[in-house]
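Respectively, the protein sequence lines represent chains W and D. Going by full-length UniProt numbering, the first sequence opens with residue 1, and the numbers climb by one from there. Going by full-length UniProt numbering, the second sequence opens with residue 1, and the numbers climb by one from there. All C-beta atoms, glycine included, are put in the ideal place defined by N, C-alpha and C. The structure under discussion appears below in the form of structure tokens.
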Amino acid sequence: MLVELCEEAVERLTIMNHPDGDCPLCLYPLFPEDEGSKQMPFMKLMSCFHCFHCECIIRWWNWLHAQKDADSESGDASHTRRGSTAEQGNSGSADESLGNCPVCRKIFHASDIEHVLDLVGTQSPQPDSGLIQGEEEDPLLQSDSENIRRERFESILKTQEEKGGLVQPKKNISVVPGMYLPPPTPASSSPNKEEEAGQSQEQGEEEPKEAESETNSSSSANRRGRGRGRGRGRGHNPNRRKQTLQDPRKPMRQWVQRAREGDN
Amino acid sequence: MTSSSAPSRKALSKIATNRLQKELVEWQMNPPTGFKHKVTDNLQRWVIEVIGAPGTLYANDTYQLQVDFPEHYPMESPQVIFLHPAPLHPHIYSNGHICLDILYDSWSPAMTVSSICISILSMLSSSTEKQRPPDNDRYVKNCKNGRSPKETRWWFHDDKV
Ligand SMILES: [Zn+2]
Ligand SMILES: [Zn+2]
């Protein structure tokens, strides 16, 4: 029963996350159907599988952190209230390596979009070269302070990674709904080869889509395996319950309700 | 987020304009049930008619929402208020300000005018009494000079409605 539910959930989520859809931020198609439209690179957040144009999610990321910086620098009374209500989901204000998905609010890590930041960095070395395309007038992404901030951030991230300081919750114990979680096989066990092959085939069901979006956005394919199938919905900050319920576009709601039915 | 996002008359950015044009087209093709967009040539301010849902306290009542978009929409939330007369509701002040978290701290750029409208209608529909918030008079007095609700320090302590 649970497996069926999970399979259905995977199916629904897959449909919802289909890259044929629109980018939730600009509302334009991720994959333009008419040849005339320019294809913009897009990416998928591995914590929730929501897809965005790279430049759209980065704009959100930068906005989020610019707000955070402004908040912490000003210490303005009009901002302090947010600590008590909404801010937890965004940050833990000192933590620059977290963001939240604009669609489901699930927390993602800097490492989830880092490859896209790289992409942007290599494509527009000069501040005025127009980020990816047509965004010349976006001061937020182009400003010196933002570039400095990004560099600083990346170096911090690197340090954190080197020291093993990045907390990546649940990755190691994640179960992809409807899929079999392979037991950690000892490296030496050659008799298990066939079985392993079978498993990876099974897992492969969901691979192509990801590979597709990954290659579209970047080359850092090694991130794919790690993040895949981190539990959906887990990790939602309970403090945000009310807020998330009020987002009519939010897929979690369906999932929760179905799960409840199934538990009866 | 708030102090800089008062409904200044700053023009919409190109990104905001593109996004709003897209929203408008989608609204016209598929408007949320119970809402009518009053057509104007002003992309930055939408006036939307709300009809109370059948079977609720507000059935057949008609209200008007005014939605003003900031320069950096959708990164910043729009300012959403009810035009006079605002519905009697425990979370709606007589000056039209709405205590609804998604309009302020819980805004996400993936939300749209359409999804805001649905949230507001659902807030109306779940109300069990046509009443002003208990602190209405105090709040409205403090809001003189046309202050934006986005400058208010909102506390969303009520989970029920
Ligand atoms: Zn986009
Ligand atoms: Zn998401």
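For this session: Give me the Cβ distance between PRO74 (chain D) and ARG19 (chain D), rounded to the nearest whole Å; I'm assuming they're in contact under 8 Å.
Result: 6 Å
For this session: Look at the alpha carbon of ASP95 (chain D) and the alpha carbon of ASP137 (chain D), and state the distance between them as a whole number of angstroms.
Result: Residue 95 (chain D) is actually Asn in this sequence, not Asp. So the alpha carbons of these two residues sit roughly 10 Å apart.
Exercise. So is TRP63 (chain W) in contact with chain D if we call contact Cβ pairs under 8 Å?
Worked result: yes
Exercise. To which residues of the same chain is residue 271 (chain W) closer than 6 Å at the C-beta, ignoring the five residues directly before and after it?
Worked result: Here chain W comprises residues numbered 1 to 264, so residue 271 (chain W) is not present and cannot be evaluated.
Exercise. TRP61 (chain W): which of W:SER72, W:ASP71, W:GLN39 and W:ASN100 sits nearest, CA to CA?
Worked result: W:ASN100
Exercise. Is the Cβ of PRO41 (chain W) closer than 8 Å to any Cβ of chain D?
Worked result: no
Problem set entry | Proximity below 8 Å, CB of VAL80 (chain D) to CB of LEU103 (chain D) | yes
For this session: Could you tell me the distance, in whole angstroms, from the CA atom of PRO102 (chain W) to the CA atom of LEU83 (chain D)?
Result: 29 Å
Exercise. Name the residues in the region 124-150 of chain D whose C-beta lies less than 9 Å from a C-beta of chain W; which are they?
Worked result: none
Problem set entry | Cα-Cα separation between LYS10 (chain D) and LEU64 (chain W), rounded to whole angstroms | 21 Å
For this session: Would you list, in chain order, the members of the region 11-31 of chain D that have their beta-carbon closer than 8 Å to a beta-carbon of chain W?
Result: SER13, LYS14, ILE15, ASN18, ARG19, LYS22, GLU23 and GLU26
Exercise. Cβ-heavy atom distance between PHE52 (chain W) and ligand 1 below 7 Å?
Worked result: yes
Exercise. Do you know how far the Cα of GLU26 (chain D) is from the Cα of MET1 (chain W)?
Worked result: 38 Å
Exercise. Is there at least one Cβ from chain D nearer than 8 Å to PRO102 (chain W)'s Cβ?
Worked result: yes
Exercise. Taking C-alpha atoms, which residue in D:LEU121, D:SER122, D:ALA110 and D:PRO133 lies nearest to HIS53 (chain W)?
Worked result: D:ALA110
For this session: Please confirm if PRO24 (chain W) has its CB atom under 8 Å from at least one CB of chain D.
Result: yes
Exercise. Does SER108 (chain D) get closer than 8 Å to chain W when you measure Cβ to Cβ?
Worked result: yes
Exercise. Along the chain, where does the alpha helix (DSSP H) that runs through SER147 (chain D) open and close?
Worked result: One point to set straight first is that residue 147 (chain D) is Arg, not Ser, in the sequence displayed. It is not in any alpha helix (DSSP H) - ARG147 (chain D) carries neither H nor E in the DSSP assignment.
Problem set entry | Proximity winner among D:LEU100, D:HIS89 and D:GLN44, relative to GLY52 (chain D) (alpha-carbon distances) | D:HIS89
Problem set entry | beta-carbon ASN45 (chain W) near ligand 2 non-hydrogen atom, thresh 7 Å | According to the sequence displayed, residue 45 (chain W) carries Leu and not Asn. The answer is yes for LEU45 (chain W).
For this session: Provide the residue span of the alpha helix (DSSP H) that contains MET123 (chain D), from first to last.
Result: 113-125
Exercise. Quick one: what's GLY99 (chain W) bridged to in DSSP?
Worked result: W:PHE108
Problem set entry | As assigned by DSSP and simplified to three states, the class of GLU23 (chain D) | helix
For this session: Tell me, please, which residues DSSP counts as bridged to ARG45 (chain D).
Result: D:ASP68
Problem set entry | Nearest candidate by alpha-carbon position, reference GLU55 (chain W), set W:LEU27, W:GLU73, W:LEU5 and W:MET40 | W:MET40
Exercise. In terms of DSSP beta bridges, what is CYS51 (chain W) paired with?
Worked result: W:LYS44
Exercise. To the nearest angstrom, how far is it from the Cα of ASN142 (chain D) to the Cα of LEU65 (chain D)?
Worked result: 22 Å
Exercise. Just checking my contact of VAL50 (chain D) with LEU121 (chain D) at CB under 8 Å: how many whole Å lie between their CB atoms?
Worked result: 7 Å
Exercise. Just checking my contact of HIS91 (chain D) with PRO133 (chain D) at CB under 8 Å: how many whole Å lie between their CB atoms?
Worked result: 6 Å
Exercise. Going by beta carbon distance, what residues of the same chain come within less than 8 Å of ARG45 (chain D), once the five residues before and after it are set aside?
Worked result: GLN66, VAL67, ASP68 and PHE69
For this session: Could you tell me whether any Cβ in chain W is nearer than 8 Å to the Cβ of PRO74 (chain D)?
Result: yes
Exercise. Can you tell me whether DSSP reads THR128 (chain D) as helix, strand or coil?
Worked result: coil
Exercise. Along chain D, in chain order, which residues have C-beta atoms closer than 8 Å to that of LEU27 (chain W)?
Worked result: ARG19, LYS22, GLU23, GLU26 and THR112
Exercise. CB of CYS104 (chain W) to nearest heavy atom of ligand 1: below 7 Å?
Worked result: no
Exercise. By how many angstroms is the C-alpha of ASP34 (chain W) removed from the C-alpha of SER126 (chain D)?
Worked result: 43 Å
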